[in-house]
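Student: End of the sequence shown sits at 850 in this note's numbering; the numbers just go up one at a time, nothing left out.
Every residue, glycine too, gets a C-beta built ideally from N, C-alpha and C.
Note that the coordinates shown come from a computational prediction; the quantities given were computed from them, not determined experimentally.
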Amino acid sequence: MVPLVCEGAEKKPSPKPAPPPAPAKVAPAAARDAAVNDVNVQQMFKSAEELFKKGKVDDSLRAFSGIYRYAKDMLSFLQIIQPNYEKLAKESGSMSQEDKEALYIKQKRVQELTAKYTSLRIESAYYVGASYAQKGDAEQARKYLLEVCQTAPFSLNPKSTWFKSKNILLALFQLEGEF
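Here is the structure:
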């Protein structure tokens, strides 16, 4: 007769469960895109510029695309906040002096961030467009470079972002002669 477990027979030790699989490593490019924030955006931009200058077009394209999306989202967010602050400032008659000063500081910060992220959006759009042009994707390149020509300050300085964007667009449109 085989003893039952309840009669004091020893149980065989169950096999240990397998350890959970190690989390998949995130690709460095995906990590860069996810990590863009106000603290590191300038450093990421400089790193992406270096990648572009070294001819690492795919890596720089990923980085500049992340910066572009972040800057565009930040500008959308600031456009939501700014009118509310302006409305509150107009109705500030019943606010304390301390609240008025705090609101003024917030409005100044929104203005500073708007200027910063407008510039970053324009510059990163240029690099995204230039990268697509180097990769031979004229349609995507035109999309970003046209945005640059529409939003960047007009300049005939050959080193300006507007001028460089215009020249790449001329090549993409295969226009000849002075333009």
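Would DSSP call PRO824 helix, strand or coil?
Tutor: In the sequence shown, residue 824 corresponds to position 153, counting from 1. The answer is coil: DSSP assigns PRO824 none of H, G, I, E or B.
Student: With 16 as the cutoff for other CB atoms within 10 Å, does ARG794 come out buried or exposed?
Tutor: To locate residue 794, count along the sequence shown from 1; it is residue 123. According to the sequence displayed, residue 794 carries Glu and not Arg. Answer is buried; the Cβ neighbour count reaches 16.
Student: Assign PRO829 to one of three DSSP states: helix, strand, or coil.
Tutor: In the sequence shown, the residue the question calls residue 829 occupies position 158. Here PRO829 sits in coil by DSSP.
Student: Going by C-alpha distance, which of ARG733, SER718, THR822 and GLN778 is nearest TYR756?
Tutor: The residue you call residue 756 lines up with position 85 of the sequence shown. Cα-wise, what sits closest to TYR756 is GLN778.
Student: Assuming the contact rule is C-beta atoms closer than 8 Å, LEU732 and ARG792 should be a hit. Round their C-beta distance to whole Å, please.
Tutor: Position 61 of the sequence shown, counted from the first residue, corresponds to residue 732. Position 121 of the sequence shown, counted from the first residue, corresponds to residue 792. No, LEU732 and ARG792 are not in contact; Cβ-Cβ is about 16 Å, not under 8 Å.
Student: CA-CA distance, VAL707 and TYR741?
Tutor: As a first step, residue 707 is located in the sequence shown; it is residue number 36 there, counting from the start. As a first step, residue 741 is located in the sequence shown; it is residue number 70 there, counting from the start. Using only the alpha carbons, I get a separation of about 7 Å.
Student: Out of LYS761, PHE825, LYS837 and SER790, point me to the one whose CA is closest to ALA804's CA.
Tutor: Translated into positions along the sequence shown, residue 804 becomes position 133. Nearest C-alpha to ALA804: LYS837.
Student: On a CA-only basis, which of SER767, PHE723, GLN753 and LEU843 is nearest ALA809? Give me that one, please.
Tutor: If you number the sequence shown from 1, residue 809 lands on position 138. Comparing Cα-Cα distances from ALA809 to each of SER767, PHE723, GLN753 and LEU843, the minimum goes to LEU843.
Student: Where does the unbroken alpha helix (DSSP H) through SER736 begin, and where does it stop?
Tutor: Position 65 of the sequence shown, counted from the first residue, corresponds to residue 736. Residues 728-761.
Student: In or out: TYR815 buried (at least 16 other Cβ within 10 Å) or exposed?
Tutor: In the sequence shown, residue 815 corresponds to position 144, counting from 1. Answer is buried; the Cβ neighbour count reaches 16.
Student: May I ask which residues mark the beginning and end of the alpha helix (DSSP H) holding GLU783?
Tutor: As a first step, residue 783 must be located in the sequence shown, where it is residue number 112. Residues 768-806.
Student: Would you kindly work out how many angstroms separate the C-alpha atoms of CYS820 and LYS835, rounded to a whole number?
Tutor: Residue numbering aside, residue 820 sits at position 149 when the sequence shown is read from its first letter. Residue numbering aside, residue 835 sits at position 164 when the sequence shown is read from its first letter. The straight-line gap from Cα to Cα measures roughly 9 Å.
Student: So, at 7 Å on beta carbons, what are the nonlocal neighbours of ALA801 in its own chain, with the 5 sequence-adjacent residues on each side left out?
Tutor: Taking the sequence shown and counting its residues from 1, one reaches residue 801 at position 130. Hits under 7 Å: ILE839.
Student: Would the beta-carbon of SER736 fall within 8 Å of that of VAL799?
Tutor: In the sequence shown, the residue the question calls residue 736 occupies position 65. In the sequence shown, the residue the question calls residue 799 occupies position 128. Yes.
Student: What's the gap between the Cα of GLU769 and the Cα of LYS761?
Tutor: Counting from one through the sequence shown, the residue named residue 769 turns up at place 98. Counting from one through the sequence shown, the residue named residue 761 turns up at place 90. Distance between the alpha carbons of GLU769 and LYS761: 16 Å.
Student: Between which two residues does the alpha helix (DSSP H) holding VAL712 run?
Tutor: Residue mapping note: residue 712 aligns to position 41 of the sequence shown, counting from 1. It spans 712-724 - the alpha helix (DSSP H) in which VAL712 sits, taken as one unbroken run.
Student: Could you give the C-beta distance for THR832 and TYR797, rounded to a whole number, given that I count them as a contact under 8 Å?
Tutor: Working through the sequence shown from its first residue, we reach residue 832 at position 161. Working through the sequence shown from its first residue, we reach residue 797 at position 126. That belief holds up - the Cβ atoms of THR832 and TYR797 are roughly 5 Å apart, short of 8 Å.
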